[in-house]
Structures are given as C-alpha cells and as structure tokens.
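Chemist: One structure is given below, represented as structure tokens, and several questions about it will come after.
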Amino acid sequence: MPPKKKLVKTFTLALKAGMATPAPPVGPALGQHGVNIMEFCKAYNAQTESQRGDVVPAQISVFEDRSFTFILKTPPAAELLKKAAGVPKGSGVPQKDKVGTVSRAQVREIAERKMADLNANDEKVIAGTARSMGITVKD
25 MPPKKKLVKT
35 FTLALKAGMA
45 TPAPPVGPAL
55 GQHGVNIMEF
65 CKAYNAQTES
75 QRGDVVPAQI
85 SVFEDRSFTF
95 ILKTPPAAEL
105 LKKAAGVPKG
115 SGVPQKDKVG
125 TVSRAQVREI
135 AERKMADLNA
145 NDEKVIAGTA
155 RSMGITVKD
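Just so it is clear: in the sequence shown, position 30 is 54 by this note's numbering, and no numbers are missing.
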C-alpha cells in the first residue's frame, strides 16, 4: 500500500455546474495552493455536466504534492427553493415582502434531495429557509 498523502487544506467552492473557469473564484482559491486549475475545471465540468445551470458545491482537498480530490455536494437549499418558486432571488425584507410560493410537496421533494447533506430528519429545515427568503409555503 502506498504511503498516505499529507492533507494541506480543505475548502468548499460553490460553482455553477458545467461552467467552472479559471477566473475567480476558482483560479485564486486553487492557485494559492499550487493546484492545476485547468485540471480541476475539466474534472468538475465533466462530473457536473448533467446538472448544468444549478449551483453545485465542491468540497476540495489539496494534498502536499499539489494533487487534489473533490466531493460534489447537493445544491444549496436556497437555490433549489428559488428554482421551485420561479423567482430570481429571495426577498430583501422577508417578513414584509413575499416573493413567491412553494407547496408542501415541493418542500418535501427538496428535503429528500438534500437529505444526504442535512443534519435533520424532516423538511422543517427547508421550510425555514423558504420563510427566511420571503417564500411562502402553502399546504
């Protein structure tokens, strides 16, 4: 068995799926650790091509020999809620201004998709995110 590589840094980048380029934020984040930026962009774009347009966070681990690995996470709940409600962004004043609505079924569907990354067992976390964005949850 080969010796283990020493981990130098771990960080997360939230990028549009299939659209990673060497421009910021990718270039500076990886460049300061000496990682091959184009290699990361090609690998990320190839793995996320099927989710093109969504924001897909990548948890990147950089090793001592400047190699890297990355793990793809599920899109942020806020992005999924905006897509489900059909709104470009959340409300600036969510208590007063409501920007859209989602159904309980949509919230449940988003919660099931996010379950791997959530530390809760139900959709109340997603409903709370919707409320804080000014999106109303209808029964």
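Using N, Cα and C, we set each Cβ at its ideal position, and we do this for glycine too.
Kindly list the residues whose CB is nearer than 7 Å to the CB of residue 31, restricted to its own chain and excluding five residues on each side of it in sequence; keep chain order.
Modeler: Locating residue 31 in the sequence shown gives position 7, where the first residue counts as 1. These residues qualify, in order along the chain: 85 and 87.
Chemist: For a quick check, are the C-beta atoms of residue 109 and residue 159 less than 7 Å apart?
Modeler: Residue 109 sits at position 85 when you count from the first residue of the sequence shown. Residue 159 sits at position 135 when you count from the first residue of the sequence shown. A contact, by the Cβ cut-off of 7 Å.
Chemist: On the criterion of 16 or more Cβ atoms from any shown chain inside 10 Å, does residue 157 qualify as buried, or is it exposed?
Modeler: Taking the first residue of the sequence shown as position 1, residue 157 is located at position 133. The residue in question, residue 157, is buried, as its Cβ has 16 or more Cβ neighbours within 10 Å.
Chemist: Do residue 167 and residue 146 have their CB atoms nearer than 7 Å?
Modeler: Absent from the model: residue 167. The displayed extent of the chain is 25 to 163, so no value can be given.
Chemist: Tell me which same chain residues have a C-beta within less than 7 Å of the C-beta of residue 89, skipping the five on either side of it?
Modeler: On the sequence shown, position 65 is the one that residue 89 refers to. Contacts found: 29.
Chemist: Residue 124: which of 40, 72, 135 and 162 sits nearest, CA to CA?
Modeler: Numbered from 1 along the sequence shown, position 100 holds the residue referred to as residue 124. Ranking 40, 72, 135 and 162 by Cα distance to residue 124 puts 162 first.
Chemist: Using 8 Å as the Cβ pair cut-off and three pairs as the minimum, do the stretch 104–119 and the stretch 47–67 touch?
Modeler: no
Chemist: Round the Cβ separation of residue 41 and residue 76 to the nearest angstrom and send it over; I've been treating them as touching at under 8 Å.
Modeler: The sequence position of residue 41 within the sequence shown is 17, counting from 1. The sequence position of residue 76 within the sequence shown is 52, counting from 1. 5 Å between Cβ atoms; contact.
Chemist: Give the DSSP-derived three-state secondary structure of residue 161 in the structure shown.
Modeler: In the sequence shown, residue 161 corresponds to position 137, counting from 1. DSSP places residue 161 in the strand class (E or B) of the three-state scheme.
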